[in-house]
Amino acid sequence: MYPQLYDENKLLLIDRFTQDYLPATYVPPEYLHLVIPYAGLYYEQDADYDILSQHVELGPFSLWLHDIFARKDIVLCPYAPFHLWALHFMYEDSLRAESFITNEFILDERECNLFNLYAEMHRVPMPAGKKILSFHINIQPGALKQLVQRYPPLYYLANKRLDNISGIINQRPYSINAVCNMLIQSILSCRYVEEQAHCYLYRCCVDLFLNFAQQDVASPEPFLLSNPMNTAMFNSIFSYLTTHPHIPHSVAELANMFNMHGARLAHGFRQHFSMGITPFIKMNRMMLIYNRLMQKSFTLSMLAEATGYRSILEMVKDVEEYYDCDVRALRRGM
């Protein structure tokens with residue numbers, strides 16, 4: 115079904131027709147702390163390399179993580195057996211891949227790209243001693259278009275003109291900004307299973323695509339507020355919001371707190387983090403509430419009061435709309 119490779123060439127399946135997961139007992143103890151409980155597992159090891167692959171099926175999204183360590187010089191050969199788009203995030207190190215059009219393409223650490231991939235093999239040399247985390251969310255182009263009705267900011271990304279060859283859809287690599295990293299770390303640390311995990315991880319995937327879509331739309335714009343002082347200020351604002359997710363601040367309140375004009379605050383935050391500040395405050399608040407809802411020690415009334423809601427019904431409605439879930443059913447499953 116899949117290509118057979120030999121010697122230093124190592125097949126890296128970035129998706130599959132059917133899944134045939136391994137029991138967690140096949141994974142060496144030193145890798146177990148990396149395992150996401152809801153994920154299906156694959157593990158391969160030989161004299162040349164180790165690879166732990168984790169997969170989560172989330173409706174239209176196919177989420178994959180590959181932890182790879184090369185003992186010797188190898189050539190990773192990524193392959194998917196069908197046409198897909200892969201939103202890829204690179205962690206821990208960089209690799210110099212053989213590109214689709216030019217001779218080479220650098221997969222840089224802490225950068226993300228959207229790949230249009232057909233059923234063909236690619237080559238990514240990996241020197242001995244390197245370790246990487248390759249994190250990608252696959253989706254079929256038609257499925258992304260179907261998401262536009264619910265998430266309109268995906269429109270321009272979903273309607274990109276497709277080439278008939280594999281390639282990179284974005285014109286240049288984009289950064290794994292603080293919002294992307296926050297979402298990815300939430301996925302890596304997720305300890306939920308079954309429907310609790312599905313709803314949470316699905317929404318994280320949506321938000322990662324929305325963030326990338328914003329980076330893509332904003333790509334031609336000049337970065338008007340880019341200097342060390344401004345960057346430090348917006349990082350402080352981001353840090354404040356992530357440590358106070360229970361407070362539903364308005365832009366005016368934050369502008370007053372940080373002595374900044376509201377329009378400048380909103381524009382600068384979007385430029386630095388590829389997300390509007392109001393949607394970010396909502397996302398942060400929803401993540402807090404969802405995580406607390408999955409703990410029996412928190413009652414609905416406690417959460418509503420702590421997060422500034424006037425009623426339990428209002429809070430539950432917001433969470434159910436955001437995560438497309440049934441709060442009471444999820445809590446019954448705890």
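Residues 115 to 448 in our numbering are what the sequence shown lists, from first letter to last.
Every residue, glycine too, gets a C-beta built ideally from N, C-alpha and C.
All of these numbers come straight from a predicted model, not from anything done at the bench.
(message) Distance check for Gln159 and Pro266, CA to CA, integer angstroms please.
(response) Walking along the sequence shown from the start, residue 266 turns up at place 152. Walking along the sequence shown from the start, residue 159 turns up at place 45. Going by C-alpha positions, Pro266 is about 43 Å away from Gln159.
(message) So within the segment 306-335, which uninterrupted alpha helix (DSSP H) runs reach at least 4 residues, ignoring any that extend past its ends?
(response) Counting whole runs of 4 or more residues, the segment 306-335 contains the alpha helix (DSSP H) stretches 308-332.
(message) My output table needs one value for Lys259: the three-state DSSP class, helix, strand or coil.
(response) Along the sequence shown, read from residue 1 onward, the residue named residue 259 stands at position 145. Judged by DSSP in its simplified three-state form, Lys259 adopts helix.
(message) Using only the alpha-carbon positions, how far apart do Cys439 and Gly390 sit?
(response) Walking along the sequence shown from the start, residue 439 turns up at place 325. Walking along the sequence shown from the start, residue 390 turns up at place 276. Answer to the nearest angstrom: the Cα atoms are 24 Å apart.
(request) Flag this pair as touching only if the segment 310-330 and the segment 279-294 have three or more C-beta atom pairs under 8 Å; answer yes or no. (result) The count of Cβ pairs closer than 8 Å, one atom from the segment 310-330 and one from the segment 279-294, reaches three, so the stretches are in contact.
(request) Please list, in chain order, all residues of the same chain as Pro151 whose beta carbon is under 7 Å from its beta carbon, the five residues on each side excluded. (result) Within the sequence shown, residue 151 is the residue found at index 37, counting from 1. Closer than 7 Å at the Cβ level, and outside the excluded window around Pro151, lie Arg305 and Val307.
(request) Identify every run of the alpha helix (DSSP H) within the segment 354-397, keeping only runs that are complete inside it and at least 4 residues long; order them along the chain. (result) Along the segment 354-397, the alpha helix (DSSP H) occurs as fully enclosed runs of 4 or more residues at 365-371 and 376-387, listed in sequence order.
(request) Kindly list the residues whose CB is nearer than 6 Å to the CB of Leu261, restricted to its own chain and excluding five residues on each side of it in sequence; keep chain order. (result) Residue 261 sits at position 147 when you count from the first residue of the sequence shown. The residues are Leu268.
(message) Can you tell me which residues form a DSSP beta bridge with Ala184?
(response) Along the sequence shown, read from residue 1 onward, the residue named residue 184 stands at position 70. Residue pairing of Ala184 in beta bridges, as defined by DSSP: Tyr163.
(request) Along the alpha helix (DSSP H) that carries Ser415, what are the first and last residues, could you check? (result) Looking up residue 415 in the sequence shown gives position 301. Per DSSP, Ser415 belongs to the alpha helix (DSSP H) from Leu414 to Ala420.
(request) Sort Asp207, Arg445, Asp134 and Gly422 by Cα distance to Gln409 and report the nearest one. (result) Indexing the sequence shown from 1 puts residue 409 at position 295. Looking at the Cα atoms, Arg445 is the closest of the given residues.
(request) Could you spell out the range, first to last residue, of the alpha helix (DSSP H) harbouring Ala211? (result) As a working mapping, residue 211 is identified with position 97 in the sequence shown. For Ala211, there is no enclosing alpha helix (DSSP H); the residue is part of the beta strand (DSSP E) that begins and ends at Leu209 to Ala211.
(request) Spell out the partners DSSP gives His450 in its beta bridges. (result) One cannot answer for residue 450 here, as it falls past the ends of the chain, which runs 115 to 448.
(message) So, for Arg384: in the same chain, excluding its five sequence neighbours on each side, which residues have a beta-carbon less than 8 Å away from its beta-carbon?
(response) Looking up residue 384 in the sequence shown gives position 270. Once the five neighbours on either side are set aside, the close Cβ partners of Arg384 are Gln328, Ala332, Gly390 and Ile391.
(message) Restricting to Cα atoms, I'd like to know which of Met204, Glu419 and Phe249 is closest to Phe175.
(response) Looking up residue 175 in the sequence shown gives position 61. Among Met204, Glu419 and Phe249, the Cα nearest to that of Phe175 is on Phe249.
(message) Taking 9 Å as the threshold (C-beta atoms), are Leu247 and Tyr205 in contact?
(response) On the sequence shown, position 91 is the one that residue 205 refers to. On the sequence shown, position 133 is the one that residue 247 refers to. At a Cβ-Cβ threshold of 9 Å, Tyr205 and Leu247 count as neighbours.
(request) Give the single residue among Glu122, Tyr423, Phe131 and Trp199 whose Cα lies nearest to the Cα of Arg185. (result) Walking along the sequence shown from the start, residue 185 turns up at place 71. Per the Cα distances, Glu122.
(request) Would you tell me roughly how many angstroms separate the C-alpha atoms of Glu309 and Asn373, rounded to the nearest one? (result) Here residue 309 corresponds to residue number 195 of the sequence shown, with the count starting at 1. Here residue 373 corresponds to residue number 259 of the sequence shown, with the count starting at 1. Approximately 43 Å, taken between the alpha carbons.
(request) Taking only the alpha-carbon atoms, compute the straight-line gap between Asp432 and Lys259 and give it to the nearest angstrom. (result) Residue numbering aside, residue 432 sits at position 318 when the sequence shown is read from its first letter. Residue numbering aside, residue 259 sits at position 145 when the sequence shown is read from its first letter. Distance between Asp432 and Lys259, taken at the CA atoms: about 25 Å.
(request) Kindly indicate the opening and closing residues of the alpha helix (DSSP H) around Ile298. (result) If you number the sequence shown from 1, residue 298 lands on position 184. For Ile298, the enclosing alpha helix (DSSP H) stretches over residues Ala292 to Leu302.
(message) Checking 9 Å against the spacing of the C-beta atoms, do Leu198 and His180 come in under that value?
(response) Taking the sequence shown and counting its residues from 1, the one referred to as residue 198 is at position 84. Taking the sequence shown and counting its residues from 1, the one referred to as residue 180 is at position 66. At a Cβ-Cβ threshold of 9 Å, Leu198 and His180 do not count as neighbours.
(request) Let me know the secondary structure DSSP gives Phe219 once reduced to three states. (result) To locate residue 219, count along the sequence shown from 1; it is residue 105. The answer is strand: DSSP assigns Phe219 an E or B state.
(message) Give me the residue from Glu428, Val170, Pro143 and Tyr145 with the minimum Cα distance to Arg130.
(response) On the sequence shown, position 16 is the one that residue 130 refers to. It is Val170.
(message) Between Phe387, Thr413, Tyr232 and Pro362, which has its C-alpha nearest Thr345's C-alpha?
(response) Position 231 of the sequence shown, counting from 1, holds the residue named residue 345. With respect to the C-alpha of Thr345, the residue from Phe387, Thr413, Tyr232 and Pro362 having the closest C-alpha is Phe387.
(request) Tell me whether the beta-carbon of Leu201 lies closer than 9 Å to the beta-carbon of Asn230. (result) If you number the sequence shown from 1, residue 201 lands on position 87. If you number the sequence shown from 1, residue 230 lands on position 116. Result no, Cβ atoms of Leu201 and Asn230 do not sit closer than 9 Å.
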